[in-house]
Structures are given as C-alpha cells and as structure tokens.
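K.L.:
Residue numbers (the numbering used here): 258 to 416.
#1: Is the beta carbon of residue 317 less than 7 Å from the beta carbon of residue 413?
#2: Is residue 382 near the ligand MG, judged by its Cβ being under 6 Å from some heavy atom?
#3: For residue 391 and residue 319, I'd like the C-alpha separation in whole angstroms.
#4: Checking the sheet assignment: what are the DSSP bridge partners for residue 287?
#5: Quick one: Cα of residue 399 to Cα of residue 267, how far?
#6: Quick one: what's got a C-beta closer than 6 Å to residue 310's C-beta in the same chain, skipping five residues either side?
#7: According to DSSP, is residue 404 helix, strand or coil?
#8: Is the beta carbon of residue 385 sitting closer than 7 Å to the one on residue 370?
#9: Between which two residues does the beta strand (DSSP E) containing residue 347 stretch?
#10: Provide the residue span of the beta strand (DSSP E) that contains residue 361, from first to last.
#11: For residue 353, which option in 294, 321 and 295 has the closest C-alpha, if you only look at C-alpha atoms?
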C-alpha cells in the first residue's frame with residue numbers, strides 16, 4: 258500500500274515537470290522586427306526616397322546541435338547604428354524550448370558570455386541590443402541557449 262502511495266506522489270510531481278519542459282515544443286512564436294533606421298539613413302532630400310540599411314560589422318550562420326531535438330538555423334549579424342550596436346537574427350528558426358536566451362559568447366559552451374535577453378520568438382527576424390563596451394573580437398559566437406537546463410540549441414560564429 259505504501260509503495261503505491263509513493264509511486265502516486267512521484268508521478269504527481271513528475272507529470273507537471275514533464276509537461277512544463279516539453280510544452281514549448283508544441284508551440285511556435287513568430288516575430289518580424291524591422292531593422293532600426295539610423296539618422297543618416299533617413300533621406301531629407303525629397304527626390305531621394307531610398308532608405309539605406311545599416312551595414313553588418315560581422316555575420317554568421319546558425320548551426321543546430323544536430324541531436325534531432327534542439328535546432329537553430331538562419332543568419333546572425335551585428336549592425337552598427339548611430340548610438341548602439343545590435344545583434345540581428347534573420348530568417349531565423351529554432352526549436353522552441355523553455356527559458357531560451359540569446360548570448361554572445363566566447364565559445365559554444367557558454368563558459369564566458371553576455372546575455373542579450375530572452376529569445377523573443379523561435380521564428381522570425383529579431384533584434385537584440387548589445388551592451389556598450391562588449392568586445393566583439395572576444396564574444397564572437399551567437400548562441401541560442403536554454404538557461405534553465407544549460408542546453409545549446411544552436412550557434413553562429415561571427416566573422
């Protein structure tokens with residue numbers, strides 16, 4: 258009798274944890290953020306209606322971990338704006354997961370990283386402001402990282 262109670266209690270605790278960890282796999286979040294315009298991009302001449310986009314300082318392509326569960330693909334590029342620098346993910350698609358964050362790191366293992374914040378969506382174009390003073394020659398790898406479980410979903414080497 259006690260064995261059945263213990264098994265019931267363990268299952269009652271495990272089921273919500275499993276549902277929490279697996280539920281993001283069944284939902285996609287999509288976003289399509291524009292590239293912020295710089296002051297010099299906005300044409301003041303009425304005849305010049307073209308808008309120029311910021312140029313990428315460095316860029317790379319996401320590579321998933323290849324385990325069939327955790328994946329990421331798309332482009333990553335660092336853009337210099339008038340008063341800030343940002344990491345832009347374009348044509349981005351990743352497996353959804355709990356507590357996903359975007360890091361700039363020194364390697365794929367996230368031993369030394371700058372957390373740019375939670376992943377806004379697992380599909381689509383998105384921007385992340387890079388804090389002032391971050392050395393892009395040191396932090397040259399963009400990661401999609403599950404913070405809660407310390408799991409890599411994908412990386413892009415920026416060069």
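Ideal Cβ positions, reconstructed from N, Cα and C, are used throughout, including at glycine.
P.N.:
Let's see:
#1: yes
#2: As presented, the structure is devoid of all ligands, the ligand MG included, so that no description of it is given.
#3: 21 Å
#4: 380
#5: 38 Å
#6: 292
#7: coil
#8: no
#9: 342-351
#10: 357-362
#11: 321
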